[in-house]
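This note's numbering numbers the first residue of the sequence shown as 99 and each following residue consecutively.
Don't be surprised by glycine CBs; every beta carbon is placed ideally from N, CA and C.
Notes follow the structure.
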Amino acid sequence: MTTSALAFAFLSPTVIIVLLVFSMIFAAYAQYRVSSAYGKNVRIPSRGHITGREAAEAVMARAGITDVEITETGGHLTDHYDPMHKRLVLSSENYRGTSLAALGVAAHEAGHAIQHKTGYAMLKARMALVPVTQIASRILPFVILGAFFFRMFGLIDIGIICYAVLTFFHLVTLPVEFDASRRAKFELARLGIIAPGEEKGVNETLNAAALTYVAAFLGSLLNLLWLISARRN
């Protein structure tokens, strides 16, 4: 079979649909793993009884970061680092909690702050992609609606561009998140915030969270291939 024939077979509607179903199953599994790992380790208190806020502060202080505000917010797993305002936001259960899960999540977000301070290239790339990604996300539903429900097939090309942007954004996100987790695991152990044997709970929580980013990338990539297949067929 020629290369072009192989490419056409891979992009056939049937194959793409099968892969999309697989990606949805994988995404559901990733969410289950996150809920399961976090739910388990949020009930295991660290022996040092250090809160997530204190852990994030210690990790950043070790890196010489003193200008990042740590704030508390509501919601479940709403933790994030805001590079535009130099603000590390932790959900209440992780801000005040002393669990292994809270320490892992807080240190992960502190890892993003370290990336920002050191000028980590992939974080800078993701920040640069945010505006165009937001635009693509907003117009994509209307593009898909117009293309497949109102037969405005010229919109498929715009949809392909939007999904290409989203796929690239999710691809860039992978090393950013993996690196933040790597920094978190290393710093928590180096600073003595977690005791020997407690790294298992931290690793379990952060590794499960990483699956969600992989799932997002796969989902976006397969939707891109599906639109390319629809355009060709």
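Whole-Å CB distance - Y218 paired with D277, under 8 Å assumed:
7 Å
Is it buried or exposed for Q232, if we count other Cβ within 10 angstroms and need 16 for buried?
exposed
Does DSSP put S327 in a helix, in a strand, or in coil?
helix
Mind checking whether H268 and S190 have CB atoms under 8 Å apart?
no
Considering only their Cβ atoms, is the gap separating A199 from A153 smaller than 8 Å?
no
When the Cα of I114 is compared with those of Q213, F266 and L323, which residue comes out closest?
L323
When burial is assigned at 16 or more other CB atoms within 10 Å of the CB, is Y136 buried or exposed?
buried
Tell me, which residues are paired with D255 by DSSP?
DSSP lists no partner for D255.
Residue range of the unbroken beta strand (DSSP E) whose run includes Y218
No beta strand (DSSP E) contains Y218, which DSSP labels as neither H nor E.
Under 8 Å between C-beta atoms of H214 and P239
no
Please report the Cβ distance between G202 and V300, rounded to the nearest whole angstrom; I am assuming they are in contact, meaning their Cβ atoms lie under 8 Å.
4 Å
Using DSSP's beta-bridge definition, name the partner residues of L289.
Answer is none; L289 lacks a bridge partner.
Three-way DSSP call (helix, strand, coil) for E302 in this model:
helix
Which of the three DSSP states is assigned to R236 in this structure?
helix
Rounded C-beta distance between L221 and H210? I'm assuming under 8 Å.
7 Å
By how many angstroms is the C-alpha of I212 removed from the C-alpha of I326?
39 Å
First through last residue of the alpha helix (DSSP H) which encompasses E191
S190 to Y193
In three-state terms, what does DSSP make of H268?
helix
Hey, K139 and E302: beta-carbon distance below 8 Å or not?
Note on identity: in this sequence residue 139 is Asn, with Lys being the wrong assignment. In this structure, E302 lies closer than 8 Å to N139 by Cβ.
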